[in-house]
Structures are given as C-alpha cells and as structure tokens.
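Worksheet for the structure shown next.
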Amino acid sequence: MTSSTILDRMSKQANELAALISTGKTATSKSRTTTALNSFLQQMQFSHIANVYTLLKRFVIGTFEEKSRKKSYYNFFMKYNLGGPKVYLTKSEATVKACVVAPYTISQGSLQPIEMTQSTGMLVTSIRLPQGFDITATTTVGEVSLALIKQNASMQKGDQLSLVHLVQTITGEKNIPRVLLRLHEFVLNPASQTIFYDQIPKALFTVNGGYVSTDANAEAGGIAYVLSRREGSKLLVSTQTITLTPGNTIYKKYSSEEKKQEALESYGIVTRILFADPEKPNTKQDPEDDYFTISGVTLNGASIGEGSGELGITSGDVLEIKGSKLTEVELKANITIGGPTSNPITLNLSGLGNVTTSSESSIIIHITITGDIDYLLRSDNSAIVYNFC
Numbered sequence: 258m259t260s261s262t263i264l265d266r267m268s269k270q271a272n273e274l275a276a277l278i279s280t281g282k283t284a285t286s287k288s289r290t291t292t293a294l295n296s297f298l299q300q301m302q303f304s305h306i307a308n309v310y311t312l313l314k315r316f317v318i319g320t321f322e323e324k325s326r327k328k329s330y331y332n333f334f335m336k337y338n339l340g341g342p343k344v345y346l347t348k349s350e351a352t353v354k355a356c357v358v359a360p361y362t363i364s365q366g367s368l369q370p371i372e373m374t375q376s377t378g379m380l381v382t383s384i385r386l387p388q389g390f391d392i393t394a395t396t397t398v399g400e401v402s403l404a405l406i407k408q409n410a411s412m413q414k415g416d417q418l419s420l421v422h423l424v425q426t427i428t429g430e431k432n433i434p435r436v437l438l439r440l441h442e443f444v445l446n447p448a449s450q451t452i453f454y455d456q457i458p459k460a461l462f463t464v465n466g467g468y469v470s471t472d473a474n475a476e477a478g479g480i481a482y483v484l485s486r487r488e489g490s491k492l493l494v495s496t497q498t499i500t501l502t503p504g505n506t507i508y509k510k511y512s513s514e515e516k517k518q519e520a521l522e523s524y525g526i527v528t529r530i531l532f533a534d535p536e537k538p539n540t541k542q543d544p545e546d547d548y549f550t551i552s553g554v555t556l557n558g559a560s561i562g563e564g565s566g567e568l569g570i571t572s573g574d575v576l577e578i579k580g581s582k583l584t585e586v587e588l589k590a591n592i593t594i595g596g597p598t599s600n601p602i603t604l605n606l607s608g609l610g611n612v613t614t615s616s617e618s619s620i621i622i623h624i625t626i627t628g629d630i631d632y633l634l635r636s637d638n639s640a641i642v643y644n645f646c
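Taking our numbering, the leading residue of the sequence shown gets 258, the next gets one more, and so forth.
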C-alpha cells in the first residue's frame, strides 16, 4: 500500500471521526467514537511504520524466519511493530514522510538475542570477549572472530554480525525528523587478515569490561546488533529491537501524549477531554522532570558561581560540573562561538570537548573549542539549571 493511499484513507477516516466527536452524546455514540479514535490512531502508527520499513527494507528482507510464501516481509514487519512503540506525526509531517527512530523489532528468529544495557557512557552488549582482549588499529577481523567464537557459545565460524545504526536528524525550517540508515557487517572468519577497524567503525564496536560496546555519546538515534547464520536454504537470525541512544530525545517527544493531541488536531480531530471530568477516559499523569542538581562549576580548578558572567573557555581548559545524579546526556550548554556578534547555539557536552564521567557527582570536560557559555540546560526540556550570566 502506497503512502498516498494510506494518507487518503486517514483523511477520510479523520473527517468521519471529527463528525462523530462533534455530534456524539449518547453512550452508544461515545462507544462508536472511542472505537473510531482507536482505529485512527492505529492508522497513524501504520503510516509511520510503513516509512520505517521503506528505510530498513534492504536490511529486513530476510530477517524474519517464520515468513511464509503467502506473506511478505512488509507484513511481518507490521505484525511485530504495529502494536508496539507509538510515534505520532502531524498531517504535514506524515505527508512529507517524517521518520523517528523508535525501539522497533527489526528481526525475529531462533538464534540467541544480543542484549544491550547502558553503563557509564557506553551501550554494553551481551557479547563477551576474552579477558584482556583489546581491539587496536592493527587487530584483524580474524583475531576478533576467534575471540568471539571462543567466548560466545551462540556464535560459530561463518556467522555474520550486523550493526544496524540509525541516526536521528532534523531537517528544514520546520525541523522535520528524518532518519539515516548506516549498515555495517563482518563474517566470523578466523583466517581473515582484514584490519577490523577498516571495516567496522570503532565508536560502534569497542571493548568495555570484557564486552562488546558502543559509545553512548555517538550520534542520537538507535542501534542493534543482529547475528545471522546460513543453514542450507534457511537464514537464521537473532530476534532484535532497536536500542535508543541515551541522548535520543526525539522519540520521547514524538511518543508523548502532547504530541498525540497535536497530531490528532492537525487532522481536525479535537477530543476536548476535560481534565476535571471524573467520567473522562483514563489519561496519563504529567511526568515530573527527573531530579538532579548542579552544586558547582570549576574552570581549571577555580570555582565559577552563578551570575558571575558568561564563562569564557578555550581549547586546553578543564571544566568540571559537580552535583548529584549527573549524567552527560542530561545536560547541554548554551554557548556563543565566534565573538559577540555571533548567535548563541546549544551543544551537547561532547560538543565542548572530551567528556569523562567517573561518577554521578562529577562530569569533567577537556575543552577543545573556544567560546562563551551562558547557561547549562537540561537536554530534555532546555530548562536552565546553571546560569553564568
């Protein structure tokens, strides 16, 4: 089904739903309205998942083991994701095929899944490596293959390990979300003399505490490792979903109740739920911001208080942020680069330099740029948490 057909059907359905909402007053009509609304919301998900499938098509063809001849990989991609993560696009965003990285299932099969967890600036997989093993600029694919086969009973010679990297971008004056797909793979071949980091990006495949890991400070988006194996005419795969990078705030925004209402209103559907009405349908409670504090900032060891004036930094400086429950992905810096005539911009802390987070109470940044910092902001809502001005 083409995207234009989906949107045409959604527009017709939206008009019918808007009419139901405006006229429905009886219990029967309210039930019809609820059913129609749920159906429309499902169509909204269908439209976005279709966009994601188009993006991932060259990877997901072949990654659903149970596919039958009567059904396409498109059908199976829909089957495993239509009832899953929610992404709400306005009518104008859907028309231009906006796309948001979400924790969708991209493969389903019988091989052991590869798990991913967040730990100290890294996304750590369940793939083990021998104690003391490291991947350097001269390490070969063969050496990595031997290490993986030795430490992981689920892997064997001839298997392929694929890295699916989804990069979230924002384009145009209207900040339309787009996704870039970057695929990487290598076959477990102990005889290969190919330099490993000539084939696989270091940021996506490094060693952390004896496990294969990905730098969590990489571009916002999501990633998945997928194991595959050829057995005769069958292609076996591990069941995997996309793991979001810690800095991915776009999915949080586009899956929120606020975005859901905005999307519905863009189709002319105004539900007019009264918060104080005890007979209203169940609604989500408003989330409060996760609590954390900044108790102080030092530059090259000197304390910098709030209100002391914009903080000038240059390459070689060491900036330390002290507080409680701090993680790098929760903070951004509002900074002016290029002198007083330039406009301020907002950067992740990694945009200021090399970040070290040894604990939740201290973030150290070895500065590599020159500029003047006005504020430290929360990443999720841009609230000012430390004001130098």
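For each residue, glycine too, the CB sits at the ideal point set by N, CA and C.
* Asked: Is it true that the CB of V464 sits closer than 8 Å to the CB of I384?
  -> Between I384 and V464, the C-beta spacing is not below 8 Å.
* Segment contact flag, the region 327 to 345 with the region 388 to 404, C-beta cutoff 8 Å, min 3 pairs -> They do not touch, by the three-pair rule.
* For E442: DSSP bridge partner residues -> BP columns for E442 point to S419.
* Asked: Going by alpha carbons, who is nearest to Y511 out of I427, G366 and V398?
  -> Comparing Cα positions, the closest option is I427.
* **For L219, the first and last residue of its enclosing beta strand (DSSP E)** => A query on residue 219 cannot be resolved here, the shown segment of the chain reaching from 258 to 646 and no further.
* Within 10 angstroms of the Cβ of V444, are there 16 or more other Cβ atoms? Answer buried if so, exposed if not. => Flag for V444 reads exposed.
* In terms of residues, what are the limits of the alpha helix (DSSP H) holding M335? -> Bounds of the alpha helix (DSSP H) holding M335 are Y330 to N338.
* Asked: Using the rule of at least 16 other Cβ atoms within 10 Å of the residue's Cβ for burial, across every protein chain shown, is T362 buried or exposed?
  -> Buried.
* To do: Have a look at G478 and S449 and give me their C-alpha separation to the nearest angstrom.
  => Distance between the alpha carbons of G478 and S449 is about 31 Å.
* Asked: Given a threshold of 16 other Cβ atoms within 10 Å of its Cβ, counted over all protein chains shown, does R487 qualify as buried or as exposed?
  -> Answer is exposed; the Cβ neighbour count stays below 16.
* Given a threshold of 16 other Cβ atoms within 10 Å of its Cβ, counted over all protein chains shown, does Q299 qualify as buried or as exposed? -> When all chains shown are included, Q299 counts as exposed.
* To do: Mind checking which residues open and close the beta strand (DSSP E) that includes K414?
  => That residue, K414, is in no beta strand (DSSP E); it is neither H nor E in DSSP.
* Asked: Is it the case that the Cβ atoms of F549 and S513 are separated by a distance below 8 Å?
  -> No, the Cβ-Cβ distance between F549 and S513 is not below 8 Å.
* Helix or strand or just coil, what does DSSP make of I306? -> Here I306 sits in helix by DSSP.
* Asked: With burial defined as no fewer than 16 other Cβ atoms inside 10 Å of the residue's Cβ, what is the status of N295: buried or exposed?
  -> Per the 10 Å Cβ criterion, exposed.
* Look at I624 and G608 and say whether their C-beta atoms are less than 8 Å apart. => The beta carbons of I624 and G608 sit no closer together than 8 Å.
* Asked: Does the pairing of the region 431 to 444 with the region 490 to 506 give three or more beta-carbon distances under 8 Å?
  -> Too few Cβ pairs lie closer than 8 Å, so no.
* Is G628 buried or exposed, if buried means 16 or more other CB atoms sit within 10 Å of its CB? -> The residue is buried, with at least 16 neighbouring Cβ atoms inside 10 Å.
* Asked: Mind checking L380: buried by the 16 CB within 10 Å criterion, or exposed?
  -> By the neighbour-count rule (16 or more Cβ atoms within 10 Å), L380 is buried.
* To do: Provide the residue(s) that pair with N605 in DSSP beta bridges, ordered along the chain.
  => For N605, which the question treats as bridged, DSSP gives the partners K589.
* To do: Report yes or no: do three or more beta-carbon pairs, one from the region 594 to 602 and one from the region 559 to 577, lie closer than 8 Å?
  => Judged by Cβ distances under 8 Å, the region 594 to 602 makes no contact with the region 559 to 577, as fewer than three pairs qualify.
* **Whether F333 touches F321 by CB criterion (8 Å)** => In this structure, F333 places its C-beta atom within 8 Å of the C-beta atom of F321.
* **Close beta carbons around A355, own chain, < 6 Å, minus the five adjacent residues each side** => Only L346, I433 and P434 meet the Cβ criterion.
* Identify, in the order they occur along the chain, each residue of the same chain with its Cβ nearer than 8 Å to the Cβ of I452, setting aside the five sequence neighbours on each side. => Here the set comprises A394, T395, T396, T397 and V398.
* Asked: Below 8 Å between beta carbons: does that hold for I318 and Y337?
  -> Not in contact: I318 and Y337 (Cβ atoms no closer than 8 Å).
* According to the neighbour-count rule (16 or more other Cβ atoms, all chains shown, within 10 Å of its Cβ), is N644 buried or exposed? -> Exposed, by the Cβ-count rule.
* Asked: Which residue or residues does DSSP assign as beta-bridge partners of L675?
  -> Nothing about residue 675 can be reported from this structure: the residues present for the chain run from 258 to 646 only.
* Asked: Could you give the residue range of the beta strand (DSSP E) that holds K579?
  -> First-last of the beta strand (DSSP E) with K579: V575 to S581.
* Specify, as a first and last residue, the run of the beta strand (DSSP E) that Q542 falls within. => Following the DSSP letters along the chain, one finds Q542 in no beta strand (DSSP E), marked with neither H nor E.
* Residues of its chain near V674, where Cβ-Cβ distance is below 6 Å and the 5 sequence neighbours each way are ignored -> Lying outside 258 to 646, the shown extent of the chain, residue 674 is not represented and no answer is given.
* Asked: Is Y468 helix, strand or coil when you go by DSSP?
  -> Under the three-state reduction of DSSP, Y468 is assigned to strand.
* To do: Provide the residue span of the beta strand (DSSP E) that contains S560, from first to last.
  => Note, S560: beta strand (DSSP E), A559 to I561.
* Asked: How long is the line joining the alpha carbons of K314 and G558, rounded to whole angstroms?
  -> Their backbone Cα atoms lie some 52 Å apart in a straight line.
* Any Cβ of chain C within less than 8 Å of the Cβ of E519? -> Among the chains of the structure shown, chain C does not appear; only one protein chain is present.
* Residue range of the unbroken alpha helix (DSSP H) whose run includes T352 -> Element bounds for T352: K348 to T352.
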